[in-house]
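Quick note: the sequence shown uses UniProt numbering, first residue 1, plus one each step. Glycine included, each C-beta is placed from N, C-alpha and C at the ideal position.
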Amino acid sequence: MVRIEEYLKRGVINLDKPPGPTSHEVSAWIRKIFNLNKVGHGGTLDPQATGVLPILLEDATKITPFLLSSNKEYVCLMKLHKKVSQKKLLKAFSRFEGIIYQKPPLKSAVKRITRKRRIYKLVLLEIEDKDVLFKVKCESGVYIRVLCHDIGKFLNVGASMYELRRTLSEPFVESDSVTMHDLVDSYFLWKECDEEKYLREKILPIEDALKHIPKIYIKDSTVDAICHGADLAAPGIVDDGITNDISAGDLIVLYTKKEEAVALAISKRDIKRDVSYTKGIIADTKRVIMQPDTYPKCWKKAGVAEW
Numbered sequence: 001m002v003r004i005e006e007y008l009k010r011g012v013i014n015l016d017k018p019p020g021p022t023s024h025e026v027s028a029w030i031r032k033i034f035n036l037n038k039v040g041h042g043g044t045l046d047p048q049a050t051g052v053l054p055i056l057l058e059d060a061t062k063i064t065p066f067l068l069s070s071n072k073e074y075v076c077l078m079k080l081h082k083k084v085s086q087k088k089l090l091k092a093f094s095r096f097e098g099i100i101y102q103k104p105p106l107k108s109a110v111k112r113i114t115r116k117r118r119i120y121k122l123v124l125l126e127i128e129d130k131d132v133l134f135k136v137k138c139e140s141g142v143y144i145r146v147l148c149h150d151i152g153k154f155l156n157v158g159a160s161m162y163e164l165r166r167t168l169s170e171p172f173v174e175s176d177s178v179t180m181h182d183l184v185d186s187y188f189l190w191k192e193c194d195e196e197k198y199l200r201e202k203i204l205p206i207e208d209a210l211k212h213i214p215k216i217y218i219k220d221s222t223v224d225a226i227c228h229g230a231d232l233a234a235p236g237i238v239d240d241g242i243t244n245d246i247s248a249g250d251l252i253v254l255y256t257k258k259e260e261a262v263a264l265a266i267s268k269r270d271i272k273r274d275v276s277y278t279k280g281i282i283a284d285t286k287r288v289i290m291q292p293d294t295y296p297k298c299w300k301k302a303g304v305a306e307w
């Protein structure tokens, strides 16, 4: 078993963010409490919003950009400025499913230019007077506050976001999240009582944050070359190491046979699960996760991992 100190340095937390602090403040609190050098998060939530906030510890921060781009799901309480019928509301929801165009809100940290985003599903959960409870699944970068405003504008009554809770930030779900209180308690049980069991239950391995991404298993003799930034060539893949059909340009994770994440890469070509590849570059390495020299060096050709 990996020592808890090392485990923390590649750890991920599926945190249930409380209302009040910013996502950055939550990350800073955890960095201070855990006495770590680097802590990040996988997707900003407004201060008053709650729910799933992936927290990345030390080396796990390497995958932050890839978590930021994952799909999200929210439950939102929207307040209409005037009452409308359920029929009109459902028509509006149907209008906003699919491709939409949004401009970030005034208080946003990003440049206010119109962006194209996708809403996968809008589901009406409950309507009472001018209060509307709905669930939305969307790609990263959708502003729910702006979505509420635009729905109100479409209905010609006006609307605003009142409460927001994130229930999914792929691959993390609300039902598996942990509270700050439980996280801090488990940390002090380890520090004060030398009981690390509960902390291990709260801190997930980095591989759990990548389980929704297609994977390719590589040979032990290939691992260190990848860790030094080499691209993946076909001979570096283990037999039956391709687990999914993959399209050119897809994000993939390279794994050891022990289920250790080595690197994130972009597929160079269409790959079929039931086809054995013997030559050519399979994927460009984009972000190395594993530390170099974790596996022995067994490569010779610069820039390409194929041994």
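Continuous alpha helix (DSSP H) stretch holding residue i: start and end
i	result
Y187	M180 to C193
P54	Run containing P54: none in the alpha helix (DSSP H); it sits in the beta strand (DSSP E), T50 to L57.
I144	I144 to F154
R115	Careful: R115 lies outside any alpha helix (DSSP H), inside the beta strand (DSSP E) at R115 to E128.
Y198	K197 to K202
L45	First-last for L45: undefined, no H or E at that position.
Inter-residue Cα distance where the pair is residue i and residue j
i	j	result
D194	F188	9 Å
K135	T167	9 Å
I127	C138	21 Å
A28	H149	32 Å
E58	P47	24 Å
T64	G40	7 Å
C298	A209	29 Å
M78	I289	40 Å
K82	R95	19 Å
I242	K116	33 Å
Q86	Y162	19 Å
E207	A261	6 Å
A233	K211	23 Å
S175	D270	35 Å
K272	I151	42 Å
V173	A92	27 Å
Y7	L45	27 Å
L68	K191	31 Å
D250	D231	15 Å
V75	L254	34 Å
V84	S160	14 Å
Residue i in three-state terms, based on DSSP
i	result
Y217	strand
P171	coil
A28	helix
R3	coil
I282	strand
V288	strand
C138	strand
G249	coil
L210	coil
V275	coil
W307	Summary for W307: the model assigns pLDDT 48, below 50, so the residue's position carries little reliability, and this model does not support an answer.
D224	helix
R10	coil
L133	strand
P205	strand
D176	helix
K257	coil
A159	strand
G98	strand
A60	helix
K17	strand
Test item: CB-CB of residue i and residue j under 8 Å
i	j	result
I237	I266	no
I22	K38	Per the sequence shown, the amino acid found at residue 22 is Thr instead of Ile. No, these two residues do not count as a Cβ contact at 8 Å.
T143	P104	At residue 143 the sequence reads Tyr, which differs from the Thr that was named. Yes, the pair counts as a contact, with Cβ atoms nearer than the cut-off.
G42	K72	no
L124	L90	yes
residue 386	L80	Nothing in the structure corresponds to residue 386, since the chain is present only between 1 and 307.
V178	I13	yes
T278	I218	no
S247	S169	no
R165	G51	yes
K268	I281	yes
residue 328	L183	Lying outside 1 to 307, the shown extent of the chain, residue 328 is not represented and no answer is given.
I119	G141	no
Where the beta strand (DSSP E) through residue i begins and ends
i	result
S85	Careful: S85 lies outside any beta strand (DSSP E) and carries neither H nor E.
L36	Taken as a continuous stretch (DSSP letters only), L36 belongs to no beta strand (DSSP E), as it is neither H nor E.
L264	A261 to S267
L80	K72 to L80
Rounded Cβ spacing between residue i and residue j (contact assumed at less than 8 Å)
i	j	result
F66	L264	6 Å
R10	P205	7 Å
P54	M180	About 14 Å; that fails the 8 Å criterion.
Y295	D239	Not quite, the Cβ-Cβ distance comes to about 18 Å (not below 8 Å), so this is no contact.
L36	V26	Between V26 and L36 the Cβ distance is about 14 Å, and since that is not below 8 Å, they are no contact.
Within-8 Å CB hit, residue i to chain C
i	result
T64	Checking the listed chains, one finds no chain C in this structure; it contains a single protein chain.
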